[in-house]
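Report on the following structure.
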Amino acid sequence: MFQKILGLLLCFSLLIGVKMLIRYQRAESDVAESASASWPKNFKDNFKKSCEEEFRSSIKQRRTPTQKQEKKIDVISQSYCKCITNDIESRKIIPTKFNPMKENERQFAKRVIAPAITNYIQSKKGKRTIKICMDKAI
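The opening position of the sequence shown corresponds to residue 171 in our numbering, with each subsequent residue numbered one higher.
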């Protein structure tokens with residue numbers, strides 16, 4: 171009787187282990203494939219919004235703009251960030267999904283997205299893109 175119960179528990183544990191392994195592999199595959207997929211609208215909107223906030227805050231740290239200047243800054247940041255977002259999306263340098271079995275979205279952004287963007291921005295192509303987008307925005 172004890173051996174049957176132990177055998178059932180062992181089989182049950184083995185089934186759960188295999189199922190978890192398959193889920194993990196599928197999640198990893200989805201994350202990897204999302205780097206070559208087009209961005210979902212909410213991901214793209216969040217990325218652009220984040221860029222705009224960074225752009226505005228970096229200018230405001232240097233000096234306090236007047237109300238008229240703030241409107242110009244908003245227009246420039248929107249144009250610039252739209253250009254940068256489209257460029258980064260087209261280059262397919264970051265995945266748009268994260269593996270929920272490993273980490274949350276904030277951890278994923280810190281571990282994967284931020285370094286990828288930083289590396290791109292520091293590259294020759296990234297610097298050229300920034301210049302092009304800034305010229306278009308201004």
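Ideal Cβ placement from N, Cα and C applies to all residues, glycine included.
Going by the beta-carbon positions, is the gap between residue i and residue j smaller than 8 Å?
i      : j      : result
ALA286 : CYS253 : no
PHE217 : THR255 : yes
LYS262 : SER206 : yes
MET271 : TYR194 : yes
Taking the beta carbon of residue i as the centre, do at least 16 other beta carbons fall within 10 Å, making it buried, or is it exposed?
i      : result
PRO265 : buried
ILE283 : buried
CYS181 : exposed
SER260 : exposed
SER208 : exposed
PHE278 : buried
Let me make sure I understand the geometry here. Which of the options has the alpha-carbon closest to that of residue i?
i      : options                   : result
GLU203 : ILE291, MET304 and PHE268 : PHE268
TYR250 : LYS280, ASN274 and LYS219 : LYS219
Looking at the structure shown, is residue i part of a helix, part of a strand, or coil, going by DSSP?
i      : result
GLU273 : coil
### Task
Inspect the CB distances between the segment 296 to 306 and the segment 213 to 233 and report whether three or more fall short of 8 Å.
Proximity of the segment 296 to 306 to the segment 213 to 233 falls short of the contact definition, fewer than three beta-carbon pairs being nearer than 8 Å.
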